[in-house]
Every structure is written in structure tokens, then in C-alpha cells.
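J.: First to last, the sequence lines map onto chains A and B.
If you count the first sequence from 1, position 68 lands on 113 in my numbering, and the numbers rise without skipping.
If you count the second sequence from 1, position 60 lands on 105 in my numbering, and the numbers rise without skipping.
Beta carbons: idealized from backbone N, C-alpha and C, even for Gly.
There are 2 protein chains.
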Amino acid sequence: MNDDENGKSPKNGRSGSGSRAETRRATEEAILKAAETVFAEAGFGGATMQLIADVAGLPKANLHYYFDTKEALYRRVVQQIFNIWLEAADGFDAASGPAEGIGAYIDAKMEISRRHPNGSKVWASEVMHGAPVIQDYLETTLRDWTEGRAKIIRRWIAQGQMAEVDPYHLLYMLWATTQHYADFGHQIETLNGGKPLSDAQWEATKTSVKGIVLRGIGVE
Amino acid sequence: MNDDENGKSPKNGRSGSGSRAETRRATEEAILKAAETVFAEAGFGGATMQLIADVAGLPKANLHYYFDTKEALYRRVVQQIFNIWLEAADGFDAASGPAEGIGAYIDAKMEISRRHPNGSKVWASEVMHGAPVIQDYLETTLRDWTEGRAKIIRRWIAQGQMAEVDPYHLLYMLWATTQHYADFGHQIETLNGGKPLSDAQWEATKTSVKGIVLRGIGVE
DNA sequence: CCACGTCCTGACCAAACGGTCAACAAAAAT
DNA sequence: ATTTTTGTTGACCGTTTGGTCAGGACGTGG
Numbered sequence: 046m047n048d049d050e051n052g053k054s055p056k057n058g059r060s061g062s063g064s065r066a067e068t069r070r071a072t073e074e075a076i077l078k079a080a081e082t083v084f085a086e087a088g089f090g091g092a093t094m095q096l097i098a099d100v101a102g103l104p105k106a107n108l109h110y111y112f113d114t115k116e117a118l119y120r121r122v123v124q125q126i127f128n129i130w131l132e133a134a135d136g137f138d139a140a141s142g143p144a145e146g147i148g149a150y151i152d153a154k155m156e157i158s159r160r161h162p163n164g165s166k167v168w169a170s171e172v173m174h175g176a177p178v179i180q181d182y183l184e185t186t187l188r189d190w191t192e193g194r195a196k197i198i199r200r201w202i203a204q205g206q207m208a209e210v211d212p213y214h215l216l217y218m219l220w221a222t223t224q225h226y227a228d229f230g231h232q233i234e235t236l237n238g239g240k241p242l243s244d245a246q247w248e249a250t251k252t253s254v255k256g257i258v259l260r261g262i263g264v265e
Numbered sequence: 046m047n048d049d050e051n052g053k054s055p056k057n058g059r060s061g062s063g064s065r066a067e068t069r070r071a072t073e074e075a076i077l078k079a080a081e082t083v084f085a086e087a088g089f090g091g092a093t094m095q096l097i098a099d100v101a102g103l104p105k106a107n108l109h110y111y112f113d114t115k116e117a118l119y120r121r122v123v124q125q126i127f128n129i130w131l132e133a134a135d136g137f138d139a140a141s142g143p144a145e146g147i148g149a150y151i152d153a154k155m156e157i158s159r160r161h162p163n164g165s166k167v168w169a170s171e172v173m174h175g176a177p178v179i180q181d182y183l184e185t186t187l188r189d190w191t192e193g194r195a196k197i198i199r200r201w202i203a204q205g206q207m208a209e210v211d212p213y214h215l216l217y218m219l220w221a222t223t224q225h226y227a228d229f230g231h232q233i234e235t236l237n238g239g240k241p242l243s244d245a246q247w248e249a250t251k252t253s254v255k256g257i258v259l260r261g262i263g264v265e
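(1) What does W220(B) touch in chain A if you count any residue whose Cβ is under 8 Å from its own?
(2) Report the residue from N107(B), G239(B) and R120(B) whose alpha carbon sits nearest the alpha carbon of A176(B).
(3) Report yes if the C-beta distance between N163(B) and E81(B) is below 8 Å; otherwise report no.
(4) Leaving out five residues on either side along the sequence, give the residues of the same chain with a beta carbon under 8 Å from the beta carbon of W190(A).
(5) Looking at I147(B) and L259(B), is the spacing between their C-beta atoms short of 8 Å?
(6) Where does A140(A) fall in DSSP's three states?
(7) If we call anything under 8 Å between Cβ atoms a contact, is A153(B) one with A140(B)?
(8) What is the DSSP secondary structure of S103(B), counted as helix, strand or coil?
(9) For a contact defined as C-beta to C-beta under 9 Å, what are the partners of F84(A) on chain B?
(10) I need the DSSP call for G193(A), collapsed to helix, strand or coil.
(11) Check G146(A) in the structure and name its three-state DSSP category.
(12) With DSSP run on the structure shown, which of helix, strand or coil describes K240(B)?
(13) Could you tell me which of L219(B), P143(B), A101(B) and Y111(B) sits nearest to A203(B), measuring between CA atoms?
(14) Within 8 Å of any Cβ in chain A, is that where the Cβ of Q232(B) sits?
(15) If you reduce the DSSP assignment to three classes, tell me which class E132(A) lands in.
(16) Please tell me whether G205(B) and G90(A) are closer than 8 Å, where the distance is taken between their beta carbons.
(17) Quick check: what's the CA-CA separation for I179(B) versus P241(B)?
(18) Rounded to a whole number of angstroms, what is the C-alpha to C-alpha distance between L236(A) and Q246(B)?
(19) Do Y226(B) and T252(B) have their beta-carbon atoms positioned less than 8 Å apart in this structure?
(20) I'd like the span of the alpha helix (DSSP H) that includes I76(A), first residue to last.
(21) Run down chain A in chain order and give the residues with a C-beta less than 7 Å from the C-beta of K166(B).
(22) Taking the beta carbon of A79(B) as the centre, do at least 16 other beta carbons fall within 10 Å, making it buried, or is it exposed?
(23) Is it buried or exposed, D181(A), if we count other Cβ atoms within 10 angstroms and call 16 or more buried?
(24) Look at the alpha carbon of E50(B) and the alpha carbon of H161(B), and state the distance between them as a whole number of angstroms.
(25) What do you get for K255(A), buried or exposed, if any count of 16 or more other CB atoms within 10 angstroms of its CB means buried?
(26) Rounded to whole angstroms, what is the Cα-Cα separation between D244(B) and R199(A)?
(27) Establish whether the CB of D152(B) and some CB of chain A are separated by less than 8 Å.
(28) Mind listing which residues of the region 186-217 of chain B have their C-beta closer than 8 Å to chain A's C-betas, in chain order?
(29) Okay, do the region 207-221 of chain A and the region 213-233 of chain B touch, 3+ Cβ pairs below 8 Å being the bar?
(30) Can the beta-carbon of M94(B) be found less than 8 Å from the beta-carbon of L77(B)?
(31) Pull up the distance between the alpha-carbon of V100(B) and that of M207(A), whole angstroms please.
(32) So which residues of chain B does F89(A) contact, with C-beta pairs closer than 8 Å?
(33) Shortest alpha-carbon distance to W168(A) belongs to which of E209(A), I233(A) and V122(A)?
(34) On the DSSP letters alone, give me the boundaries of the alpha helix (DSSP H) that M207(B) sits inside.
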């Protein structure tokens, strides 16, 4: 449970390999990972610095050395997710048409829901509570991003490559559907007989979602 | 801000009309409404009994007279939402085909998202955190409900009334898409220029969602 | 009018919270 | 080898939390 590789480690059981900067990076990452888990499971208000510290395997005071306040730590967690989340649009831009572009976007977002469910939950929680710490992101980065994709969709429509649908409502549906498999993963798992979706089930899910959506916008 | 209609009210500014049971019912309802708002805005962990009391216009101790613990109050709020949420299926059962049935279900769920956004958020938050207080509901009522609708969908497919899609993934998409307009209402409002959706926009949203979904399952 | 049971509430409490700090350990710089 | 900078930590603090309780106010049946 401890990656103690070299015997001549300092007092604490930590210290990945050596250099100062490396240790710092590793510790910071461990804190962020623990924080993401705890914030996802308990929400911002329900999460405690003590619990995050326990999960990270560090004394609480050490957390406050790396992150001044609980809110600062939370902010970093949310930003981290936001960036991962925006990267999923790469396939969107380069595509020649909606079938390829939106299909790739669904695949990418489903993969994120699978691999970063906690991140998605923290994001959802933040937005649900009125986005108190990332409101500026919504008004700048997200707004620009959304308008950019909407333009692409409108061009596809104008070129007759897909049905006439409101680009914003289409994007909302894509977000809602893909993120649902992370945010409501527990509910889905329960309805799946209490077992997490298998690899095959995840593939079937992607296929099913893409099928309905792409047919819904007049592609395929 | 106070519905003090008759002058001969007792010490507190409350007491709707008269009888004992009626006062109790009204107070309980006021507490539940305030709790729904506060739980939705702050989450279970972030909500405080003091704040709920303030919103309800009651002393904190009075809340503990009606609801023993914070968790008991929260449980009631979640149950209340769950019931409203299940009622939306009425149009589903009576329908003769998917266009009518699923169309009505989308309309009903969109209307709930519009009128009970806080309830939807509390539900989402509860499920996201692993459904600690309503896990039994997921395993009994929701599981039965879902399997029941899945059967209806399979029958429609067998009768050639709609395309072959996995009933569960279709239901997830319906839940995700409709509830998204409540849970992520703040994000949508921000992308809508900071203004809530107007009546016309809500109607356009319903039409747009129904259009994509129904076309996506081979109806219309 | 009285007495009983329901309802209401200010004051209070132990526990837990986020955050601080002085003292210490370890690496880097001199 | 010694100083300086960067990390680490147990103990501590003021505040806030969910919950309690004794006592007062009120409607209601006798």
C-alpha cells in the first residue's frame, strides 16, 4: 500500500524517488486524487479535510501546506476535471461530418464517464449548487466552447449533412446522456443487478447511445 | 412575506387557519419546502438545520419537534420527490404506441424539471453520493418500475412500432435528458445569456428533445 | 373554568469542523 | 560543515454543528 522503494527514505513513509520537485508533484497529486474521491462521495459541504487527509495518508496539517484552504483544494479539483472534459472535443473539430464528429464526441465522453466518474460527479455537484466557484468558467470558456460547436453543427445542417435540430439542445442531450453514466452510475449499477457495467456492456452502451442520437439527427 | 391573515393569531406569526391537525400539516409542509430548497442548494452535508429553520421562518428547535434528526428530514424530502417522479409514468402505460407514450413521458418529465428543479437536484445528489438513504427504493420500487416499462418498450419493438433499441439505455437517455434541464439548470441559464428559459423556450425544448428521441427510435 | 396533552422555543452542550502555529526534519545552497 | 530553504507534524483554537431540555404557551375535552 506504500510505494517505498528505497530504504533511505526520510521520516515519513512517502517520498517517491528523490528530487524535491518530484516529491512535491507526487504529494500534490495524491492529495488531489484523494480530494476528488471524497468530494465526489460527500459533496463539498460533507467532505472534511481530515477525511481527505486520511484517504491520502497524510496528516491534515500537511494538506494546508499544499492548499491554503478547503475551497482552494476544491477549486483545483474542479478545474482539473473541466480541462479533461474539454479535451473530448478534439474529435469534434477535425471531423468532416456529424456522423464522424458527434460519434467520436460520444465515444470520448463515454470514456471519460467510465474513467473519471468522480470528476464528473464533482463537476455536476458544483453546477447543481449554482457553480459558486467556477461561474467565471461557465461565462467565458464554456460559453465560447459551446458557441463554437454550435457553429459547426449549424454548418453541417446548412450543408444538408444532418437534420435541422437546435444545436444547443443537441449538445445538452449529449452532455446529459454521456455524463449520466458517471453521475448516476450507482443507480445504473443497481439496475444492472448490483454489478458494474462490464467491458462488453460499456461497448454496447456506446453503440446504443450513438445509434439513437445519430438516427435522431438524421444521420445513418 | 408572512401569510398572517387573521389578527387573533397566537404568539408566533404562523398558524394558517385553525384546527390542530391543520396547523401541523401546514408547518410540516413549510419545513419540507424549506428543506428541499436548502438541501438542493447546499447538499446534505452543506445544509444546516439552522438555515432550513431560517428559510422556514421557525426556530431551529421546532424543526426537531417535527423531525427527530436532519437525516429523517432529508429522507422525507427525497421520498417526496421520488413519488412525484414516478407519477410521470402515467402517460407511458396508457399509450397505444411509442410516439404517444414516450412523447407524453418526455413532456411530463420536462414539466417536473421545470416545476420541481430543487427536488430533482436533491434526488441527483442522493444518487450521486451512493444513495445512502434510499438504496432500498432503488432495489425495489425503481427496479420494478424500470422492468415494467422495459417490457412495454420490448412489446412495441416486437410489434414493429419502433426501432430495435435497448430499453434500458433508452430509459437512461430519457431520464438523463429531461432531468438535465433541472439539475444543470444553472449551466443552461448561463449559456442562455444568464436568463431562465422563457415559456416559449421551454416549449421549443420539449419539441426539440422529443424530435431527436422519437426520430432516434424510428418513430415519426 | 380547569386540567391535560400538544406545540413551541431560548438557552445550552458535547463533538467536529477548518485553520493555525511553533517546533522539528530533510534537502539544497553556501 | 554550516546556513538557508522547503517540507512535515502534533497540539491547539475559535467557531459552528446537530441535537437536547426544561419550561412556557396554547388549543381542546371535560
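T.: This is what the structure gives:
(1) Residues of chain A passing the Cβ test: H225 and F229.
(2) Of the residues N107(B), G239(B) and R120(B), the one whose Cα lies closest to the Cα of A176(B) is R120(B).
(3) E81(B) is positioned such that its CB atom lies closer than 8 Å to that of N163(B).
(4) Scanning its chain for C-beta atoms nearer than 8 Å, with the 5 sequence neighbours on each side dropped, one finds around W190(A) the residues L131 and A134, in chain order.
(5) Yes, the Cβ-Cβ distance between L259(B) and I147(B) is below 8 Å.
(6) A140(A): coil per DSSP, three-state reduction.
(7) Contact flag unset, no.
(8) Residue identity check: residue 103(B) is Leu in the sequence provided, not Ser. Per DSSP, reduced to three states, the secondary structure at L103(B) is coil, with no helix or strand assignment.
(9) Neighbours of F84(A) on chain B: none; closest Cβ ~10 Å, over 9 Å.
(10) DSSP places G193(A) in helix when its eight states are reduced to three.
(11) Three-state result, G146(A): helix.
(12) In the structure shown, K240(B) sits in coil (DSSP, three-state: anything other than H, G, I, E or B).
(13) Distances from the CA of A203(B) to each of L219(B), P143(B), A101(B) and Y111(B) were compared; the closest alpha carbon is that of P143(B).
(14) Taking a beta-carbon distance threshold of 8 Å, Q232(B) counts as an interface residue toward chain A.
(15) It is helical.
(16) No, the pair does not count as a contact, with Cβ atoms beyond the cut-off.
(17) Distance between the alpha carbons of I179(B) and P241(B): 31 Å.
(18) The C-alpha of L236(A) lies about 33 Å from the C-alpha of Q246(B).
(19) In this structure, T252(B) sits away from Y226(B), with a CB-CB distance that is not shorter than 8 Å.
(20) Looking at the DSSP string, the run of the alpha helix (DSSP H) that includes I76(A) is R65 to G91.
(21) Close partners of K166(B) in chain A (Cβ separation under 7 Å): M173.
(22) By the Cβ-count criterion, A79(B) is buried, with 16 or more other Cβ atoms from all chains shown falling within 10 Å of its own Cβ.
(23) Exposed, by the Cβ-count rule.
(24) Reliability of the predicted coordinates at E50(B) is poor, the pLDDT of 35 falling under 50, and the value obtained from them is presented with this limitation in mind. CA-CA distance, E50(B) to H161(B), rounds to 27 Å.
(25) Taking all protein chains shown into account, K255(A) has 16 or more neighbouring C-beta atoms within 10 Å of its C-beta and is therefore buried.
(26) If I take the Cα positions, the gap works out to 24 Å.
(27) No, because no Cβ of chain A sits closer than 8 Å to the Cβ of D152(B).
(28) Under the 8 Å Cβ criterion, the region 186-217 of chain B contributes L187, R188, T191, A208, V210, D211, Y213, H214, L215 and Y217.
(29) Under the 8 Å Cβ criterion, the region 207-221 of chain A counts as touching the region 213-233 of chain B, having at least three qualifying pairs.
(30) The answer is no: Cβ separation not under 8 Å.
(31) The straight-line gap from Cα to Cα measures roughly 49 Å.
(32) Those are G88, G90 and G91, listed as they occur along chain B.
(33) Measuring from the Cα of W168(A), the nearest candidate turns out to be V122(A).
(34) No alpha helix (DSSP H) holds M207(B); DSSP gives it neither H nor E.
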